[in-house]
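Per this note's numbering, the sequence shown runs over residues 110 to 786.
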Amino acid sequence: MKQLRTRPRVTSSLETIHAEATSPPTLFFKLQPNLNKILETPHPPHCVRFHLSVCEHLLPTDHRDRYYIMKMMNQRSCSLSSPFLVVCCCAIFLATISSSVIVGCVGEEGGGGGVVWASGPLVKREERRALVSTEYGQISAVRVRDDVSGSHLLHFITLEPNSLFLPVVLHADMVFYVHTGSGRLSWTEEDDLKNADLRRGDVYRLRQGSVFFIQSNLETETERQKLRIHAIFTNSDNGLTVQSFRACSEQATGTYSSIRDMVLGFDRKVLQAAFKVPEEVIDELFNGTQQPTIIHRVPATKRTAWETEVEFVRGLLASRSYNMFELNRKKRKESARLFNLFKEDKDFENCNGWSTTVTRKKLSALKGSNVGLFMVNLTAGSMMGPHWNPRAAEIAVVLRGRGMVRVVCSGISNETGCRNMRFEVQEGDVFAVPRFHTMAQISFNNETLVFMGFSTSTKKNHPQFLAGQASVLRTLDKDVLAMSFNVTNTTLDQLLAQQHDSVILGCVSCAEEELRIMEERLRGKGKAKKREEERARKREEERREEEEARKREEEEARRQKKRREAGRGRGKRRQEEEARKRRRRKKRAEKKRKREEEKEKREEERRGGKRGSQKREEEAAKREEEERREEEARQEEEARKREEEEAARREEEEEAERREEETRRGGRGCHEERGGS
């Protein structure tokens, strides 16, 4: 009953979240109370934890709001019962549709499972996450974050020669670049199945909902290169930002799903009725072993399993939009022309290197995608001059060489906690630079630096350079600029007039200097860390010494207490022993007295006479009483003295008293003998 009472309140909170998340402006402080209601509501133990990416769906327009919610959700766990989970998913789905955010999920095939979480602005090659790994190819992924527009998901597809990437259905737009090797791409576009030969430098865009597959060419005597493709998955409305949510099958990699999964997701009865085929055909389809995403390419004369599967898809959907699934000679095939970065004219080129961009004017397939491409080739000891992009963020992949990247935050970003960065990049690394962040890519003196990437705009970007003949500073009023830098006009003229190159500049040993500064700062941080560790170690040693001293004091106190208790025990035992001795002496004296009384009584009876006997008895009793009193008084006095003095001294005094008593008795005997004589 408690659960039933709490559910309406939680549902209301979710509805409020959706309403606030989809109405501008989106503010974290509006959503926080309702999120707290959900997080603080008790639920049954059968639950799941919200992914951090769910928070990003709730606030797609402000990365700072997303950050605070992600931080809050990461610190609290939300328990969801099954009905409650359905309500949450519905609310998230509505918020997702309203804010035009694409959900991209990344599963794994033989790779441990899980979502590819966003890293920082730099992801090293060894940090790529393997999604698919077979004998005939691999797929790895990274998610790089630019801290302004969100995270960006890239896949790196590698096919061995004569391999086949099985048909998949795209869940998001895919823009790709062919890094090495050659092959053939086949994909659906409207009612047609299109084909294109892939060569190094080719770029293209496949729309979401398209079905595509890739075949790598056979190796030749002169060439045995793997087909390597770098791809980014995008939302056609919101550019490169693709959020991540785990909701895929084991076979699918989230951004696309296989044809086989689409077919075999139906029950046997449904498939048999849809295709009007015998039950044996359906059984054969289900009994076939599941193929990995990348397999060895079979000869064209043999009918492949996936061809059978696409026939089933065609039968299920029964639409002319799937004419491409016709596998006979009547199917329509068209060849498409891809854009090649190496065959087209460069946008800029000088002795220091060259650069080129691909916009929607150069490649019509990019229209409507808000994604462009670029490539930069820096010769040894060169630099892409300091510049910023007013329209687009950049996500780059290093293709060859090694270099340094310097990124300077904008003034607005500094208010949000952004920090200037410098980092070393090498082949295979991925790095992102947000728009309005000034950057410079620099090559080392001993090697070139080549990188390509994706930008968040297909329009002409018009990067703004700070130095060189194309410097934006040259267009500003000189007096105003001089006042801005607080220097004279002469100094400003010297600053702007010396550089005769533009865009790509010579910069000998600049990368080495940047690397030295970075390493020094890292060493400084390392030294500071060591100093802090040393201080912490000293504090720990002092704490340990204090603890040991305290333990020693406590141990000494325990020993002293034991000694005192032992001393009291010995004194008590001595007293008990003295009391036992007194009792024994008293018993002996009592026995002696009784024997004497009996003896006197017998003697008195022998002498006869009752009166005389009574008198003697009275006298004897009187003497005995006096003797007893004297004996008790003496014993009490002796006991008091023995208790006050040490055991050894008491024994000596008793011995002395005994000797003195014996002496007195001996003297009286001699005196009595003299008196008698």
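Glycine included, each C-beta is placed from N, C-alpha and C at the ideal position.
Quick check on this structure: which residue in the options has the alpha carbon closest to the alpha carbon of residue i?
| i | options | result |
| --- | --- | --- |
| Asn486 | Val312, Arg682, Ile551, Arg531 | Ile551 |
| His339 | Thr468, Gly310, Glu328 | Gly310 |
| Glu728 | Arg743, Arg715, Lys710, Glu740 | Lys710 |
| Phe342 | Val534, Glu298, Leu279 | Leu279 |
| Phe321 | Asn304, Gly676, Arg308, Ser611 | Asn304 |
| Met484 | Gly477, Arg697, Met493 | Met493 |
| Thr297 | Pro276, Leu307, Glu628 | Pro276 |
| His405 | Pro270, Glu769, Gln535 | Pro270 |
| Arg252 | Arg738, Glu771, Lys471, Thr364 | Thr364 |
| Lys568 | Thr468, Leu508, Val559, Thr599 | Thr468 |
| Glu328 | Gly292, Asp306, Glu299, Leu302 | Gly292 |
| Ser519 | Glu533, Val539, Pro543 | Pro543 |
| Leu231 | Glu533, Glu770, Arg648, Glu657 | Glu533 |
| Asn396 | Thr402, Glu388, Ile403 | Glu388 |
| His609 | Arg774, Gln334, Asn459, Val386 | Asn459 |
| Glu726 | Arg308, Glu707, Ser593, Asp586 | Glu707 |
| Asn554 | Thr488, Glu664, Glu657, Ala645 | Thr488 |
| Leu447 | Arg653, Glu740, Leu307, Arg683 | Leu307 |
What residues are listed by DSSP as bridge partners for residue i?
| i | result |
| --- | --- |
| Val282 | As written in the sequence, residue 282 is Asp, which differs from the Val given in the question. Asp282 pairs with Thr343. |
| Glu533 | Met513 |
| Ser519 | Paired residues: none, contrary to the question. |
| Met371 | None; Met371 has no bridge partner. |
| Gly397 | BP columns for Gly397 are empty, so no partner. |
| Thr465 | Met484 |
| Thr289 | Arg337 |
| Gly615 | Ser491 |
| Leu273 | Gln324, Ile404 |
| Ile248 | Val241, Ile266 |
Short check: CB of residue i to CB of residue j, under 7 Å?
| i | j | result |
| --- | --- | --- |
| Leu575 | Pro495 | yes |
| Thr267 | Arg337 | yes |
| Thr557 | Gly510 | yes |
| Asp255 | Ala541 | yes |
| Glu623 | Arg528 | no |
| Ser272 | Gly290 | no |
| Ser491 | Asn461 | yes |
| Gly562 | Arg234 | no |
| Gln573 | Trp497 | yes |
| Ile323 | Leu302 | no |
| Ile248 | His261 | no |
| Ala505 | Phe560 | yes |
| Asn564 | Gly635 | Contrary to the premise, residue 564 reads as Ser rather than Asn in this sequence. In this structure, Gly635 does not lie closer than 7 Å to Ser564 by Cβ. |
| Val516 | His546 | yes |
| Ala501 | Ser566 | yes |
| Thr243 | Ile391 | no |
| Lys470 | Trp463 | no |
| Asn595 | Lys587 | no |
Nearest chain D C-beta to residue i closer than 7 Å, yes or no?
| i | result |
| --- | --- |
| Trp497 | Note that chain D does not occur in the displayed structure, where there is just one protein chain. |
In terms of residues, what are the limits of the alpha helix (DSSP H) holding residue i?
| i | result |
| --- | --- |
| Asp63 | Nothing about residue 63 can be reported from this structure: the residues present for the chain run from 110 to 786 only. |
| Ala688 | 619–716 |
| Ser593 | 587–594 |
| Asn598 | 598–606 |
| Arg377 | 377–384 |
Could you pull the start and end residues of the beta strand (DSSP E) that residue i belongs to?
| i | result |
| --- | --- |
| Asn486 | 481–487 |
| Phe322 | 320–325 |
| Arg238 | 238–243 |
| Leu792 | The displayed coordinates of the chain run from 110 to 786. Any statement about residue 792 would go beyond what the structure contains. |
| Gln550 | 547–552 |
| Arg528 | It is not in any beta strand (DSSP E) - Arg528 carries neither H nor E in the DSSP assignment. |
| Leu268 | 260–268 |
| Val542 | 539–542 |
| Arg308 | Here Arg308 belongs to no beta strand (DSSP E), and DSSP marks it neither H nor E. |
| Glu235 | Segment: none, Glu235 is in no beta strand (DSSP E) and carries neither H nor E. |
Can you determine whether any heavy atom of the ligand SAM sits closer than 6 Å to the C-beta of residue i, and answer yes or no?
| i | result |
| --- | --- |
| Pro276 | Of ligands this structure carries none, so the ligand SAM is not represented either. |
Q: Mind the definition here: the region 276–292 touches the region 309–319 only if three or more C-beta pairs lie below 8 Å; say whether that holds.
A: yes
Q. Can you find at least 3 beta carbon pairs, one from the region 577–593 and one from the region 602–616, that sit closer than 8 Å?
A. yes
Q: Would you check if the region 694–713 and the region 731–745 touch, i.e. whether three or more CB-CB distances between them fall below 8 Å?
A: yes
Q. With a cut-off of 8 Å, do at least 3 Cβ pairs link the region 681–694 to the region 743–762?
A. yes
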